[in-house]
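Just so we're aligned, residue 487 is where the sequence shown starts under our numbering, counting upward by one. The beta-carbon is built from N, C-alpha and C at its ideal position, and this holds for glycine as well. Just so you know, these numbers come straight off a predicted model, no measurement behind them.
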Amino acid sequence: PTYSAYTEAKYGDVKNVYPFGLDPVWHVSENELLFFNSFKMKLSVILGITQMFAGTLLKGVNSIFFGETIDFFFEFLPMVAFSASLFLYMIVLIIMKWSIDWNSRMMSATCFEVNGNGWGDENYNNDWVDCGAEECTPWGFDCSNNADAGLESKCPLGFGGSGNGCQPPNLITTLINIALKPGNVEEPLYKGQDNVQMILLAVAGISVPILLLAKPLILSSRQSQEKAESIKDENDGEDHGEDGFGEIIIHQAIETIEFVLGMVSNTASYLRLWALSLAHSELATVFWEKAMLSTLKVNWIAAFFGFGIFAGVTCGVLLMMDVLECFLHALRLHWVEFQNKFYAADGVRFAPYSFKQTIKDTQS
487 PTYSAYTEAK
497 YGDVKNVYPF
507 GLDPVWHVSE
517 NELLFFNSFK
527 MKLSVILGIT
537 QMFAGTLLKG
547 VNSIFFGETI
557 DFFFEFLPMV
567 AFSASLFLYM
577 IVLIIMKWSI
587 DWNSRMMSAT
597 CFEVNGNGWG
607 DENYNNDWVD
617 CGAEECTPWG
627 FDCSNNADAG
637 LESKCPLGFG
647 GSGNGCQPPN
657 LITTLINIAL
667 KPGNVEEPLY
677 KGQDNVQMIL
687 LAVAGISVPI
697 LLLAKPLILS
707 SRQSQEKAES
717 IKDENDGEDH
727 GEDGFGEIII
737 HQAIETIEFV
747 LGMVSNTASY
757 LRLWALSLAH
767 SELATVFWEK
777 AMLSTLKVNW
787 IAAFFGFGIF
797 AGVTCGVLLM
807 MDVLECFLHA
817 LRLHWVEFQN
827 KFYAADGVRF
837 APYSFKQTIK
847 DTQS
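Here it is in structure tokens:
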């Protein structure tokens, strides 16, 4: 019964949708590579930003554990605000684009002949409305008397932009325009997206000077108070204070630049996951087509040797060399992109136990 239910389901039926994973039919489709490239690129970005944000949260946990109040309020919180307002928002847009039924949205801005071909299609999620003219959109817009109307007039959503919400956006362009064209969203996903992105950009912009200046100013103020209370030579004290503040501001500037620019470069670095997956799948396809499919068409002897070649290159290239390559890249992502968000390497230097050194210390 389950098998017949799946085979008899109509196009677009929920029974045709895989609950998890990708439908194998993509492997025989014409746009296989285009679809998998887009999917794997977005998935690698989601994994990368999630891991980097988790590393930033660990920085906050370290600040609480060591009682570093200044670091928590003026480093950790601005970092969270910056990464959430731009990069976590990127994940939200990706998931929103995946979850929206674009067939229904685009159909709502398409003109159909009333009771003609395509009228009443089940892919449109709402009720079909007859506008009283020869051609109407599914929601009742008169296309016959408004032949020059654009997509912004035919779309009922009213989200703004060129498509008014009925056209799937290019997310890369949308994210770039957050900084280059604030408040301008060509293809919005939801109503009020332009205002939301303006607020997020303002949050990101405010967090950077806080991250850069707040901690050095507070530490400088504390040093000035300590010098005023201590009994020191006035000139020596001033020189020491200037050097201390200079070191603090330089260190904080380096950390700010590294974090802000690092979020962009590290996100791009996670695209290596997409490249590795693409290379792995394409190599597997080439080995299968050249070593197996081509020999199966000849005779069983050719297929016998073809399978030997296929098994050999699969074990040698895909299961050994490619797995080692993936391990090294994953190790690099953990060490550089993930750990640099919280690991400072400023702890106690490791000193292995030594009987000789212990005897010297007791004798001295």
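| Asked | Found |
| --- | --- |
| At which residue ranges does the stretch 542-590 contain complete alpha helix (DSSP H) runs of 4 or more residues, listed in the order of the chain? | 563-569, 575-585 |
| May I have a chain-ordered list of the alpha helix (DSSP H) segments no shorter than 4 residues that lie completely inside the stretch 678-749? | 679-695, 701-715 |
| Taking DSSP as the reference, what is the three-state secondary structure of Glu823? | helix |
| Bridge partners of Cys629, per DSSP? | Cys629 pairs with nothing; no bridge assigned. |
| Tell whether a beta-carbon distance below 8 Å holds between Leu804 and Ala770. | yes |
| With H, G and I counted as helix, E and B as strand and the rest as coil, what does DSSP make of Phe522? | helix |
| Could you say which of Ile550, Ser693, Gly730, Tyr839 lies nearest to Ser710 if we only look at CA atoms? | Gly730 |
| For Gln843, does the three-state DSSP call read helix, strand or coil? | helix |
| Which of helix, strand or coil does DSSP assign to Cys617? | coil |
| Applying the 10 Å Cβ sphere with the 16-neighbour rule, what's the burial state of Ile787? | exposed |
| Which of the three DSSP states, helix, strand or coil, is assigned to Glu516? | coil |
| Ignore the nearest five residues each way along the sequence and tell me which others in Leu705's own chain have a CB closer than 6 Å to its CB. | Ile734 |
| What residue from Leu520, Pro564, Asp628 has the CA that sits closest to Ala619's CA? | Asp628 |
| Measuring alpha carbon to alpha carbon, tell me which of Gly691, Asn650, Val689, Ala688 ends up nearest Val671. | Asn650 |
| Which residue's Cα is closest to the Cα of Trp605: Thr623, Arg591, Trp588? | Thr623 |
| Bridge partners of Glu672, per DSSP? | Bridge partners of Glu672: none, in fact. |
| Comparing alpha-carbon positions, which option in Leu637, Glu621, Glu638 lies nearest Ser630? | Glu621 |
| Taking only three categories from DSSP, how would you classify Glu608? | coil |
| Got a sec, what are the start and stop residues for the alpha helix (DSSP H) Arg818 sits in? | 808-818 |
| Among the candidates Ala816, Ser850, Thr742, Gly833, whose CA atom is the shortest distance from the CA of Met565? | Thr742 |
| Given a cut-off of 8 Å, decide if Ile795 and Ala816 are closer than it, judged by their beta-carbon atoms. | no |
| Buried or exposed for Lys846, please, with buried defined as at least 16 other CB atoms from any protein chain shown within 10 angstroms of its CB. | exposed |
| May I ask which residues mark the beginning and end of the alpha helix (DSSP H) holding Phe796? | 786-799 |
| Could you compute how far the alpha carbon of Asp509 sits from the alpha carbon of Val834? | 52 Å |
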